[in-house]
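To start, the structure under review is shown below, and the notes come after it.
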């Protein structure tokens, strides 16, 4: 099923490559989206752990606004701590709906001030995706 992702209100450019990844994941999921109000994509490196490291899990959520889909948030998670104290937490969060961003080690910012961080994050994510690092799970609500 084709979805139209509207990025006109985004404070920075979302690449057509990322949009195509999301579209392809929807197409391959076999989900019907007629009554769906939200889509959550979970991209996970199954070998990632606090002990051995790996590629951070990423969650991308889209919400339906009339006939368009919009990016609600993009969150990159990382383990913080060691051993039994390790906890998976948000390291980077781009909250498009509330127009703010967050980095674990530097705090909250207006989203538009994080364009360079977003470009770096997106470039890395696309490279990791192209390398086949992630298993993807898609859920609806």
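Numbering (our numbering), first residue to last: 102 to 242.
Cβ coordinates follow ideal geometry from the N, Cα and C atoms, glycine included.
None of these values were measured; they are calculated from a predicted model.
**Asked** Looking only at DSSP bridge pairs, what is residue 113 linked to?
**Response** Paired residues: none, contrary to the question.
**Asked** Which partner residues of residue 175 appear in the DSSP bridge assignment?
**Response** According to DSSP, which records beta bridges pairwise, residue 175 is partnered with 161 and 195.
**Message:** Per the DSSP calculation, residue 211 is bridged to which residue(s)?
**Reply:** Under DSSP, residue 211 shares a beta bridge with 201.
**Asked** With burial defined as no fewer than 16 other Cβ atoms inside 10 Å of the residue's Cβ, what is the status of residue 194: buried or exposed?
**Response** Burial call: buried.
**Asked** Ordered along the chain, which non-local residues of its own chain (more than five positions away) have a Cβ less than 8 Å from that of residue 157?
**Response** Answer for residue 157: 146, 149, 177, 178, 179 and 192, listed in chain order.
**Message:** One question on the structure: do residue 230 and residue 122 come within less than 7 Å of each other, judged by their Cβ atoms?
**Reply:** Yes; because the gap between Cβ atoms is below 7 Å, this pair is in contact.
**Prompt:** Given a threshold of 16 other Cβ atoms within 10 Å of its Cβ, counted over all protein chains shown, does residue 126 qualify as buried or as exposed?
**Reply:** The residue in question, residue 126, is buried, as its Cβ has 16 or more Cβ neighbours within 10 Å.
**Cβ contact check for the segment 134 to 143 and the segment 162 to 177: 3 or more pairs under 8 Å** = Yes, the segment 134 to 143 is in contact with the segment 162 to 177.
**Item:** Exposure of residue 92, with buried meaning 16 or more beta-carbon neighbours within 10 Å
**Value:** There is no way to answer for residue 92, as the model of the chain reaches only from 102 to 242.
**Message:** Here's a check: name, in chain order, each residue in its chain whose Cβ is nearer than 6 Å to the Cβ of residue 205, leaving out the five neighbours to either side.
**Reply:** When the five nearest sequence neighbours on each side are left out, the beta carbons in the same chain lying within less than 6 Å of the beta carbon of residue 205 are those of 192, in order along the chain.
**Message:** Taking 6 Å as the limit between beta carbons, can you name the residues of its chain near residue 104, skipping five residues before and five after?
**Reply:** Hits under 6 Å: 127 and 170.
**Message:** Taking 6 Å as the limit between beta carbons, can you name the residues of its chain near residue 175, skipping five residues before and five after?
**Reply:** Correct list, in chain order: 161 and 195.
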